[in-house]
Amino acid sequence: MLSKSRYVRGMNCKKSLWLYKHKKEEQKFSEATMAIFKHGTDVGEFAQQYCPNGKMAVLEDYPGYASAERTKKFIEQGVETIYEATFIYDNTLVAVDILHKEKGKWKLYEVKSTNSTKEAHILDVAIQYYVVTGCGVELEDAGVLHFNREYVRRGELEVEKLFKFTGLKEKVLTLQNEIKENIPLLLKTLQGEEPAIEMGLHCEKPYTCDFTDYCRQLLPEEIKEEIRILSSEPEIAEYEVRDYVSIIKYPIGFLDFETINPGIPMFDESRPYQKIPFQYSIHFMNSENDEPKHYQYLAPSCPNTDPRIGLIENMIKDLENSKTIFVYNIAFEKGCINDLIRDFPQYEYDLTVIKEKLVDLIIPFRRKYYRTETMQGSSSLKKVLPALCPELSYSELDIGDGLTAGNEFFGLYFCDKEEIKKKTREDLLKYCHLDTLAMVRIFEVLKQV
Ligand code: SF4
């Protein structure tokens with residue numbers, strides 16, 4: 001039997017569908033994907049409040065025949081809101097996030113933890129529409145319930161304003177014949193041999209495939225050789241690097257933020273998926289030969305305390321005397337500071353001063369003034385650092401990237417084990433410290449050109 005997710009998977013890549021059934025042990029999820037799944041489940045449950053007081057059809061671990069029977073009974077009994085409403089038609093099972101009756105007509109809601117409807121959502125809704133209407137339930141509309149990006153939390157969450165429904169009925173109607181033809185083809189794929197499909201763009205879009213590791217192993221040796229990391233002498237545009245360094249004025253602060261971006265706003269004056277800085281690290285050098293001093297801030301993970309206030313006040317103090325503030329990839333820090341100015345106008349003057357001193361340390365690498373093959377054409381800090389300062393490495397750290405840092409801090413809000421909290425906070429401090437120490441060392445290398 002197919003399901004909504006199997007159908008969507010199979011339409012993207014038949015091999016992925018086949019592997020999902022026959023070699024599930026090869027499926028690998030990154031930490032980021034796991035966090036997205038967890039967040040999606042939490043949002044799905046929360047969104048049920050948009051149509052409250054419904055009945056839950058799935059009482060087992062997974063939707064199946066029992067939940068389909070329950071759904072049928074609920075409809076016969078006149079229940080008007082059903083969560084995980086399950087339907088089986090044409091060898092395909094779907095569980096609708098919310099099926100809700102308004103003015104005597106059914107509406108299908110697919111909950112997505114995004115700020116808008118994406119192209120990939122249309123197929124999700126279309127296959128559900130096909131199965132539900134195939135079971136004889138007429139749908140007035142079918143679409144996506146997603147976050148409303150305009151919503152600003154002030155006080156208690158207002159669920160009806162936090163979410164927004166985008167109807168997709170017209171679009172999904174155009175796909176119904178196609179779905180009817182595709183279902184038998186996908187079922188045939190499941191019964192056959194492993195399809196021979198080469199890797200390509202479809203492995204990354206619309207989602208990174210969870211069988212990427214498996215398929216990569218099957219690549220011929222000569223292709224693997226091409227992507228092996230090479231090391232070589234740097235190519236340096238000396239004049240441009242010196243020009244860049246010459247405009248930098250001491251004292252210098254090296255600044256890095258870590259952020260969380262919860263879909264459901266946690267604090268007043270925040271929006272769905274807004275980046276909320278909770279931590280910074282600053283290395284500070286008064287003069288050229290000065291040993292850098294280190295300052296840091298890590299907010300308490302207390303649900304009633306907005307991490308931004310303490311961060312702003314400490315950051316203003318720690319950067320007070322700087323003339324240059326280095327960041328790596330300015331758009332991120334500048335965007336965070338602009339949001340802080342908008343949400344906390346009482347700090348506008350000091351934050352604007354900080355913003356005007358920002359200088360992007362990525363520039364020499366993005367403009368390829370300084371490059372080595374080890375960087376593999378990338379200017380990201382994680383590629384530039386090992387090329388310029390191989391003695392510094394993220395590999396020894398338990399938290400080694402910004403996404404993990406945000407997820408780990410977010411997890412602290414729900415953690416009551418003191419030893420885990422303590423260890424996570426130590427790991428966060430080590431990670432953010434390395435980010436700004438890396439910038440100090442990279443700048444030293446540039447100065448030597
Ligand atoms: S990695 Fe690519 S080719 Fe392999 S199963 Fe996934 S989508 Fe298909």
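The opening residue of the sequence shown carries number 1 in this note's numbering; numbering runs sequentially from there. Note that the Cβ used here is the ideal one computed from N, Cα and C, for glycine as well.
Distance, Cα to Cα, residue i vs residue j?
i	j	result
R377	A126	Just to set this straight, residue 377 is Gly in the shown sequence, not Arg. Spanning the two alpha carbons is a distance of roughly 40 angstroms.
I162	L437	Contrary to the premise, residue 162 reads as Leu rather than Ile in this sequence. Approximately 40 angstroms, taken between the alpha carbons.
H100	D213	41 angstroms
L230	T372	Confidence in L230 is poor, its pLDDT being 45 and thus under 50, which makes the residue's placement unreliable; the coordinate value appears in the next sentence. The alpha-carbon atoms of L230 and T372 are separated by roughly 9 angstroms.
N314	E348	15 angstroms
G134	Y207	28 angstroms
I341	K334	10 angstroms
L185	V137	25 angstroms
N12	E288	55 angstroms
G155	G406	24 angstroms
E225	I399	Caution applies to E225, whose pLDDT of 48 falls short of 50 and renders its modelled position unreliable; the model cannot decide the point.
L93	L403	34 angstroms
D290	Y244	20 angstroms
T424	S301	11 angstroms
Q128	N182	14 angstroms
E193	M34	29 angstroms
L17	L2	10 angstroms
L450	K180	The shown model of the chain, from 1 to 449, leaves out residue 450, and the question about it has no answer.
V79	K417	42 angstroms
H39	Y273	12 angstroms
L385	Q279	21 angstroms
N304	K422	19 angstroms
H433	I236	28 angstroms
N261	I420	22 angstroms
F332	L397	23 angstroms
E233	A387	10 angstroms
Measuring CA to CA, which of the options is closest to residue i?
i	options	result
L428	G44, Q296, K323	Q296
R366	S380, I354, Q27	S380
K107	L19, E418, A85, T92	A85
K112	E102, V131, T41	T41
A299	F257, E419, D339	F257
E204	P195, E194, C215	C215
I88	T81, V96, I82	V96
M285	K430, T114, H294	H294
V525	K368, E178, E45	Because the chain in this structure spans residues 1 to 449, residue 525 falls outside the shown range and cannot be described.
E456	E233, E269, Y109, Q48	The chain is shown only over 1 to 449; residue 456 falls outside these bounds and no answer can be derived.
E240	R153, R6, S3, V449	V449
I247	Q27, L358, I260, P303	L358
K164	D90, K275, A47	A47
D124	E102, R153, G167, C389	G167
K28	P364, I75, D210	D210
Q176	L187, Y130, K169, Y369	Y130
V132	V159, I98, L19, H39	I98
D318	P345, A142, H283, A331	H283
N53	E25, Y83, P390	Y83
K171	D141, V159, R271, Q191	D141
I465	I264, T259, K55, G263	Shown here, the chain extends from 1 to 449; a query on residue 465 therefore has no answer.
V152	Y109, R6, P265	P265
K442	E426, L361, T114, Y394	According to the sequence shown, residue 442 is Ile rather than Lys. Selected option, being the one with the closest Cα: L361.
K355	K368, D339, P364, Y369	D339
K4	L446, M439, D90	D90
Which one or two residues does DSSP pair with residue i in a beta bridge?
i	result
H294	H283
P277	T259
I442	In DSSP, I442 forms no bridge with anything.
E269	Paired residue(s): none; E269 is not in a bridge.
M56	Y83
F254	H283, F326
L2	T92
A142	L108
E288	BP columns for E288 are empty, so no partner.
I197	BP columns for I197 are empty, so no partner.
E26	Looking at the DSSP assignment, E26 forms no beta bridge with any residue, so it has no partner.
I236	Y370
Every unbroken beta strand (DSSP E) within the segment 332 to 373, with a cutoff of 3 residues, ordered by chain: Listed in chain order, they are 358 to 360.
For the pair the segment 53 to 66 and the segment 252 to 265, tell me if three or more CB-CB distances fall below 8 angstroms. Between the segment 53 to 66 and the segment 252 to 265 there are fewer than three inter-stretch CB-CB distances shorter than 8 angstroms, so the stretches are not counted as touching.
Given 8 angstroms, three or more beta-carbon pairs between the segment 110 to 121 and the segment 145 to 157: Yes, since at least three Cβ pairs between the segment 110 to 121 and the segment 145 to 157 fall closer than 8 angstroms, the two stretches touch.
Contiguous beta strand (DSSP E) assignments of at least 3 residues, all confined to the segment 144 to 191: For the segment 144 to 191, the full-length beta strand (DSSP E) segments reaching 3 residues or more read 163 to 167 along the chain.
Validate contact between the segment 305 to 312 and the segment 322 to 333 using beta carbons, cut 8 angstroms, 3 pairs: Here the segment 305 to 312 makes no contact with the segment 322 to 333; the two share fewer than three CB pairs at distances below 8 angstroms.
Only counting runs of 3 or more residues, tell me where the beta strand (DSSP E) segments fall wholly within the segment 65 to 137, in order along the chain. Fully enclosed beta strand (DSSP E) runs of 3 or longer: 81 to 89, 92 to 102, 105 to 111.
Can at least three beta-carbon pairs, one atom from the segment 185 to 199 and one from the segment 409 to 422, be found at a separation below 8 angstroms? Below 8 angstroms, too few C-beta pairs join the segment 185 to 199 and the segment 409 to 422 to call them touching: fewer than three.
Go through the segment 371 to 435 residue by residue and report every complete run of the beta strand (DSSP E) that reaches 3 residues or more, in order. None, since the segment 371 to 435 contains no complete beta strand (DSSP E) of that length.
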